[in-house]
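Protein chains in written order, with the numbering used here: chain L, 1 to 171; chain E, 1001 to 1337.
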Amino acid sequence: MKFDFDGWMLSKRALFPIVVGMGIAVVAFTGCKKARLDPFPASNTVAGWQKTSETRFFAAKDLWQYIDGDAEQYISAGVVSTSTSDYKYQGQLEATVDVYTMGDAAGARKIFESGQTGEAKSVSLGDAGIAYTQSVIFRKGPFLVRIVAYQSTPGAEQALLALAHGVEVML
Amino acid sequence: MKSRRDFLKTAATGAVLLGSQVKPGLAAMVDASGFHPQHSDAGKSRVVVAHDVALHGPDGQLSEKRVIDLLDRAIAAYTERDNPVDAWKRIVPVGKTIGLKVNGLGGKGISTHLVLVLAIAERLQQAGVKPGDILVWDRNARDLEACGLTISTDPSRVRCYGSDVAGFEDEPVVFGSANVKLAKILTRECDMVIGLPILKDHNLAGVTFAMKNMYGVVQRPYELHSGGCNPAVADLNCIPVVRQKVRFTIGDAITSVYEGGPGFHAEHLWQPNSLIVGEDRVAIDYNAWQMIERKRAEVGIMPLEAAGRPPRYIATAADAAHGLGFNDSMRFHLIET
Chain L
1 MKFDFDGWML SKRALFPIVV GMGIAVVAFT GCKKARLDPF PASNTVAGWQ
51 KTSETRFFAA KDLWQYIDGD AEQYISAGVV STSTSDYKYQ GQLEATVDVY
101 TMGDAAGARK IFESGQTGEA KSVSLGDAGI AYTQSVIFRK GPFLVRIVAY
151 QSTPGAEQAL LALAHGVEVM L
Chain E
1001 MKSRRDFLKT AATGAVLLGS QVKPGLAAMV DASGFHPQHS DAGKSRVVVA
1051 HDVALHGPDG QLSEKRVIDL LDRAIAAYTE RDNPVDAWKR IVPVGKTIGL
1101 KVNGLGGKGI STHLVLVLAI AERLQQAGVK PGDILVWDRN ARDLEACGLT
1151 ISTDPSRVRC YGSDVAGFED EPVVFGSANV KLAKILTREC DMVIGLPILK
1201 DHNLAGVTFA MKNMYGVVQR PYELHSGGCN PAVADLNCIP VVRQKVRFTI
1251 GDAITSVYEG GPGFHAEHLW QPNSLIVGED RVAIDYNAWQ MIERKRAEVG
1301 IMPLEAAGRP PRYIATAADA AHGLGFNDSM RFHLIET
């Protein structure tokens, strides 16, 4: 079968790469660009928690701007990007949520398993999770999530766990 | 204030001497500028560790009054002057711009304490320094805000802003392994800098305190991380403008992390409730390191040597090629108060 476009005669074989190429162009230029993951619960999505800052995003090459000195261990474990946001619980307890997107689950596991102390309590979050009185760390697939509170208040641990579950369902 | 040309000429001295990476040139420069503390005891430098076990109340809250008292006690011990105003007059010149280089890199939970910064700014003013001649600074607004500070460029008040506002020099300066672009706040705005680091374990360097705090004065600190930041920390502190202007340290060891640093890790948080003060940044770092090692031993964590990250840059900073101070307890006088 032949096609006639303004005098151009194209075979089916010749048309195929053009169609594929146009498809790729459409994908590239019409927003099929993979949307940046936003795993941060909006205010009050998790009871009592307010999101108090814009989400900040760091590509691996810029991670030093956020955690200079710590960045190397994430880079060696294959971090792709990091996003972070601040929260406040019932107007008092301040916390920061960091979500590290690693190249694969092994990278997330490597970071997760480093630096744990005997005080860590195992919690049911993602593929594996631990909690301390002022922090919760868990991994889920290629994601490593660290949530830290800046005060030690009664109920902080439970509040942090609730926020962690709120993040987990977004991943 | 030096012109840019004067600054580059000064900075270039290091570059020329070190251009060939020949040790004799390095040693010659150290001999010329040397480490000569203003306050010394029979040739020994002086380090004060001031401690208050009740700095944090039973509720865990920091007592502002006790921080001010601790600062006064530390400065009095260092200068041997009981009156805080007299004591500060022996440390800072009047009519010059005094920079307070804080450290907010670790974020809200592990940054130089606001109450300490405010207390120092207050004492400086009482000693005759004009508010506008005091400049509190760090890398950027985010780090300063982590310390609880508010950005201000008003010249009639104590100023507070970072290198994201003031920028960096276009021309790099070189000393040994350190090839860096320096913050204009250091090179152009400050006549003298007081370092206000916060004591932390460091994932690469082992310990971060007085000398490592200078990573906040360069544009790309991550380029100085190889080899456990050794010899880069020592080299950076040897750059003439760093060596000459950063003349005093009031180290914040009120709160610290003994593991997992330099970021905030609540599970490794600890309250040494101390200030470590002096001109000898090497002796200050040496004593800070010992403080962290004692804490690690107390909680049963391996020493930094066994963890593969001893702070080797401290010995490097003390060697003949750098001469930044002393890491030998026979050569510094440790005053505990």
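Idealized CB from N, CA, C, for every residue including glycine.
Bear in mind the structure is a predicted one, so any value in this text is a computation, not a measurement.
Rounded C-alpha distance that separates Thr1187 of chain E from Ser1177 of chain E: Here residue 1187 of chain E corresponds to residue number 187 of the second sequence, with the count starting at 1. Here residue 1177 of chain E corresponds to residue number 177 of the second sequence, with the count starting at 1. C-alpha separation (whole angstroms): 20 Å.
Residues near Val1242 of chain E by beta carbon distance below 8 Å, same chain, minus five either side: By one-based count along the second sequence, residue 1242 of chain E stands at place 242. Here the set comprises Leu1182, Leu1186, Met1214, Val1217, Leu1236.
Interface flag, Trp49 of chain L vs chain E, CB-CB below 8 Å: For the purposes of this step, residue 49 of chain L is taken as residue 49 along the first sequence, with counting starting at 1. For Trp49 of chain L, the answer is no, since every Cβ of chain E falls outside 8 Å of its Cβ.
Cβ contact (3+ pairs, closer than 8 Å) linking the stretch 1279–1288 of chain E and the stretch 1312–1332 of chain E: yes
Pairwise C-alpha distance: Asp86 of chain L and Glu94 of chain L: In the first sequence, counting from the first residue as 1, residue 94 of chain L sits at position 94. In the first sequence, counting from the first residue as 1, residue 86 of chain L sits at position 86. Straight-line Cα distance between these residues: approximately 7 Å.
For Phe58 of chain L, the nearest candidate out of L:Ser83, L:Val167, L:Ser114 (CA to CA): The residue you call residue 58 of chain L lines up with position 58 of the first sequence. Checked all of L:Ser83, L:Val167, L:Ser114; the closest Cα to Phe58 of chain L is L:Ser83.
Contacts around Ala159 of chain L, its chain only, beta-carbon distance under 7 Å, and the 5 residues preceding and following it disregarded: Looking up residue 159 of chain L in the first sequence gives position 159. For Ala159 of chain L, where only same-chain residues beyond five positions count, the Cβ hits under 7 Å are Gly48, Tyr89, Leu93.
C-alpha distance - Asn1203 of chain E paired with Tyr74 of chain L, whole-angstrom precision: Position 203 of the second sequence, counted from the first residue, corresponds to residue 1203 of chain E. Position 74 of the first sequence, counted from the first residue, corresponds to residue 74 of chain L. So the alpha carbons of these two residues sit roughly 11 Å apart.
Counted within 10 angstroms of its Cβ, other Cβ atoms place Gln134 of chain L as buried (16 or more) or exposed: Within the first sequence, numbered from 1, the residue matching residue 134 of chain L stands at position 134. Gln134 of chain L should be labelled buried.
Helix, strand or coil at Tyr184 of chain L according to DSSP, with G and I counted as helix: Any property of residue 184 of chain L remains undetermined from this structure, which presents chain L solely from 1 to 171.
Secondary structure of Pro1024 of chain E, DSSP reduced to three states: Taking the second sequence and counting its residues from 1, one reaches residue 1024 of chain E at position 24. Interpretation of Pro1024 of chain E is limited by its pLDDT of 31, a score under 50 that renders its predicted location unreliable; the figure taken from the coordinates is listed afterwards. It is helical.
Own chain, CB closer than 7 Å to Val1053 of chain E, minus 5 neighbours either side, in chain order: The residue labelled residue 1053 of chain E in the question sits at position 53 within the second sequence. For Val1053 of chain E, where only same-chain residues beyond five positions count, the Cβ hits under 7 Å are Asn1273.
Beta-bridge pairing of Lys121 of chain L - partner residues as DSSP gives them: Translated into the one-based positions of the first sequence, residue 121 of chain L becomes position 121. The partner list for Lys121 of chain L (beta bridge, DSSP) reads L:Ala131.
Terminal residues of the beta strand (DSSP E) in which Met1330 of chain E lies: Here residue 1330 of chain E refers to the residue found at position 330 when the second sequence is read from its first residue. Unbroken run through Met1330 of chain E: none, as it is neither H nor E.
Straight-line gap, Thr153 of chain L to Tyr132 of chain L (C-alpha atoms, nearest Å): Walking along the first sequence from the start, residue 153 of chain L turns up at place 153. Walking along the first sequence from the start, residue 132 of chain L turns up at place 132. Straight-line Cα distance between these residues: approximately 13 Å.
8 Å Cβ cutoff, Gln92 of chain L in contact with chain E: In the first sequence, counting from the first residue as 1, residue 92 of chain L sits at position 92. Taking Cβ atoms only, chain E never reaches closer than 8 Å to Gln92 of chain L, which makes this a no.
Cα-Cα separation between Leu1324 of chain E and Glu119 of chain L, rounded to whole angstroms: Position 324 of the second sequence holds residue 1324 of chain E. Position 119 of the first sequence holds residue 119 of chain L. Distance between the alpha carbons of Leu1324 of chain E and Glu119 of chain L is about 40 Å.
Within-8 Å CB hit, Thr82 of chain L to chain E: Here the question's residue 82 of chain L lines up with position 82 in the first sequence. Chain E, which has no Cβ nearer than 8 Å to the Cβ of Thr82 of chain L, makes this no.
Bridge partners - Tyr89 of chain L, DSSP secondary structure assignment: Within the first sequence, the letter at position 89 stands for residue 89 of chain L. Answer is L:Trp49, L:Leu93, bridged to Tyr89 of chain L.
Partner residues on chain E for Gln73 of chain L, Cβ-Cβ distance less than 7 Å: Reading the first sequence from its first residue, position 73 is the one you call residue 73 of chain L. Within 7 Å Cβ-Cβ: Asn1203.
Assumed close pair Asp1191 of chain E, Thr1097 of chain E - CB separation to whole angstroms, cut-off 8 Å: Here residue 1191 of chain E refers to the residue found at position 191 when the second sequence is read from its first residue. Here residue 1097 of chain E refers to the residue found at position 97 when the second sequence is read from its first residue. Going by Cβ atoms, the distance from Asp1191 of chain E to Thr1097 of chain E rounds to 5 Å, so yes, they are a contact pair.
Exposure label - Ala155 of chain L; buried when at least 16 CB within 10 Å: Within the first sequence, the letter at position 155 stands for residue 155 of chain L. Note that residue 155 of chain L corresponds to Gly in the displayed sequence, not to Ala. Classification for Gly155 of chain L: exposed.
CB contact check: Phe1168 of chain E to chain A, cutoff 8 Å: Absent from the structure is chain A; the protein chains it does hold are L and E.
Residue range of the beta strand (DSSP E) that includes Ser1163 of chain E: If you number the second sequence from 1, residue 1163 of chain E lands on position 163. Where Ser1163 of chain E is concerned, there is no enclosing beta strand (DSSP E), although the alpha helix (DSSP H) it sits in stretches over 1163–1166.
Glu1080 of chain E classed as buried or exposed, judged by whether at least 16 other C-beta atoms fall within 10 angstroms: The count along the second sequence starts at 1 and reaches residue 1080 of chain E at position 80. Burial call: exposed.
Contacting residues, own chain, Cβ-Cβ under 8 Å from Ala105 of chain L (five flanking each side not counted): In the first sequence, counting from the first residue as 1, residue 105 of chain L sits at position 105. Around Ala105 of chain L: Asp127, Arg139, Gly141, Pro142.
Among E:Asp1041, E:Gly1206, E:Ile1120, the one whose alpha carbon lies nearest that of Tyr1313 of chain E: Within the second sequence, residue 1313 of chain E is the residue found at index 313, counting from 1. The candidate whose alpha carbon is nearest that of Tyr1313 of chain E is E:Gly1206.
Local conformation of Cys1160 of chain E per DSSP, three classes: Counting from one through the second sequence, the residue named residue 1160 of chain E turns up at place 160. Of the three classes helix, strand and coil, the one that applies to Cys1160 of chain E here is strand, per DSSP.
Any non-hydrogen atom of the ligand SAM within 7 Å of Ala159 of chain L CB: Because no ligand of any kind appears in the structure shown, any question about the ligand SAM cannot be addressed here.
Pairwise C-alpha distance: Gln65 of chain L and Ala1076 of chain E: Position 76 of the second sequence, counted from the start, is the residue given in the question as residue 1076 of chain E. Position 65 of the first sequence, counted from the start, is the residue given in the question as residue 65 of chain L. Going by the C-alpha atoms only, they are around 38 Å apart.
Residue range of the unbroken alpha helix (DSSP H) whose run includes Asp1201 of chain E: The sequence position of residue 1201 of chain E within the second sequence is 201, counting from 1. Not the alpha helix (DSSP H): Asp1201 of chain E falls in the beta strand (DSSP E), residues 1198–1202.
Contacts that Glu119 of chain L makes with chain E (C-beta to C-beta distance below 9 Å): Position 119 of the first sequence holds residue 119 of chain L. By Cβ distance, chain E contributes Glu1267.
Cβ neighbours of Val1094 of chain E in the same chain (closer than 8 Å, five flanking residues each side left out): Counting from one through the second sequence, the residue named residue 1094 of chain E turns up at place 94. Correct list, in chain order: Ala1127, Gly1128, Val1129.
Within-8 Å CB hit, Gln134 of chain L to chain E: Position 134 of the first sequence, counting from 1, holds the residue named residue 134 of chain L. Yes, contact with chain E.
Closest residue to Arg1309 of chain E among E:Asn1327, E:Glu1298, E:Glu1259, E:Ala1317 (Cα-Cα distance): Indexing the second sequence from 1 puts residue 1309 of chain E at position 309. Minimum Cα distance to Arg1309 of chain E is reached at E:Glu1259.
Secondary structure, beta strand (DSSP E): runs of 3+ residues fully inside the stretch 1101–1154 of chain E: 1134–1137
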